[in-house]
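In our numbering, the protein residues as written are 22 to 273.
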Amino acid sequence: MTMIIKYANIISIEFIIREFLLKKVFNSVILIFSFLIPLLTISCSNTQESKLVYTENNTIKQNVKEKEQNITWTMELEGERLTKKINRGSMQLGSDVPYTKDLYKISKTYQRPVYPSIEDFGSLDTRDLRVSVKEKVNTFCTAFASEGHIGADSYFSKKYIFNYVFFLKDFEEGWIKYFGKLKTNKSSPFKRWLFGEPFNGPDFIQIPVRFYADCGTIDMTMFLNSSGNNEFYQITIDRWQKYDGTRQTDRN
Numbered sequence: 022m023t024m025i026i027k028y029a030n031i032i033s034i035e036f037i038i039r040e041f042l043l044k045k046v047f048n049s050v051i052l053i054f055s056f057l058i059p060l061l062t063i064s065c066s067n068t069q070e071s072k073l074v075y076t077e078n079n080t081i082k083q084n085v086k087e088k089e090q091n092i093t094w095t096m097e098l099e100g101e102r103l104t105k106k107i108n109r110g111s112m113q114l115g116s117d118v119p120y121t122k123d124l125y126k127i128s129k130t131y132q133r134p135v136y137p138s139i140e141d142f143g144s145l146d147t148r149d150l151r152v153s154v155k156e157k158v159n160t161f162c163t164a165f166a167s168e169g170h171i172g173a174d175s176y177f178s179k180k181y182i183f184n185y186v187f188f189l190k191d192f193e194e195g196w197i198k199y200f201g202k203l204k205t206n207k208s209s210p211f212k213r214w215l216f217g218e219p220f221n222g223p224d225f226i227q228i229p230v231r232f233y234a235d236c237g238t239i240d241m242t243m244f245l246n247s248s249g250n251n252e253f254y255q256i257t258i259d260r261w262q263k264y265d266g267t268r269q270t271d272r273n
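Okay, here's the thing in structure tokens:
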């Protein structure tokens, strides 16, 4: 009888333990589901939103395509130029474009300075004429244009002083021949003079000079030594032009 009671108690304890374990497992399952359900809900919600955005994007794209088909496009202008990379520094104006003062300021096409020129004389670009040489030629012209050409002979090399004598003789005779009157020594025969573009050789410097008188112009070429004191060694008279009213006539 005692054995039966003990066995019944053991069965009762096992039943209680099993029931407790089942309840604990059940509660754990419920707890896990309570966490999973919100997560699944959020995931589904995101999926629906993504699908909605995708649908909207498709709709916008389709609307753009439809609008493009309904637009009337003009002919493409300068298509080849628009596809190239343009360097502003290399842009050049066409020959048919009028080159105004404002365009010259902003254009990089013409950056070299522009010097005037005289048709029957040449360019007036004297950039290659050294300052010291230019001053020497200018002082010679001042002396030569003075009364009696006082001091002009001192600019010539003593070795070639005879060339100055021949030049002065040609000048005095040419004045009468081409201008038709005697030159007076009481006043300067020239009002002004200008220099043309020089030529700098290895042994000499060649400078064209035009003298302006009341009756006409005289074009000369002056030759100086390129070394030392740049002394004169020859002057040639190239052209006489007499004023006939408002018209110049070449008399040479």
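Using N, Cα and C, we set each Cβ at its ideal position, and we do this for glycine too.
Under a three-way DSSP split, which group does L73 fall into?
With a pLDDT of only 47 at L73, under the threshold of 50, the placement of this residue in the model should not be trusted, and no figure is reported.
Helix or strand or just coil, what does DSSP make of T68?
Any answer about T68 is weak, because its pLDDT of 49 lies below 50 and its placement is not dependable; what the coordinates show is given next. If DSSP states are grouped into helix, strand and coil, T68 belongs with the helices.
Using only the alpha-carbon positions, how far apart do E252 and D123 sit?
45 Å
Locate the alpha helix (DSSP H) running through Y185, then write down its first and last residues.
I182 to F200
What span of residues does the beta strand (DSSP E) with T238 cover, start to end?
G237 to N246
S178 versus A234 - alpha carbon distance
27 Å
Between D224 and F200, what straight-line distance do the alpha-carbon atoms span, to the nearest angstrom?
The straight-line gap separating the alpha-carbon atoms of D224 and F200 is approximately 35 Å.
Count the CB pairs spanning the region 174 to 189 and the region 253 to 261 that are closer than 8 Å, and state whether there are at least three.
yes
Tell me whether Y75 is buried or exposed, calling it buried when 16 or more other Cβ atoms sit within 10 Å of its Cβ.
Bear in mind that a pLDDT of 49 at Y75, under 50, signals an unreliable position, so the number given afterwards is only what the model happens to contain. Classification of Y75: exposed, given that the 10 Å Cβ count is below 16.
W196 vs K190 beta-carbon contact at 9 Å
no
Take the Cβ of D265 as the centre, count every other Cβ of all protein chains shown within 10 Å, and call the residue buried at 16 or more, exposed below.
exposed
Where does S178 fall in DSSP's three states?
coil
With distance defined between alpha-carbon atoms, name the residue in L98, V230, S247 and T93 nearest to V154.
S247
Could you have a look at F20 and say whether DSSP puts it in helix, strand or coil?
There is simply no residue 20 to check, as the chain begins at 22 and stops at 273 in what is shown.
Looking only at its chain, what residues have a beta carbon closer than 7 Å to the beta carbon of Y181, apart from the 5 residues adjacent to it on each side?
Y254 and Q255
Just grab the DSSP bridge partners of F225 for me.
For F225, which the question treats as bridged, DSSP gives the partners N246.
Quick check on this structure: which residue in T147, N159, V158 and F211 has the alpha carbon closest to the alpha carbon of E168?
F211
Compute the Euclidean distance between the alpha carbons of K198 and T242, then round it to the nearest angstrom.
20 Å
Can you give the beta carbon distance from L150 to P137, rounded, assuming they're within the 8 Å contact cut?
That pair is no contact at about 15 Å.
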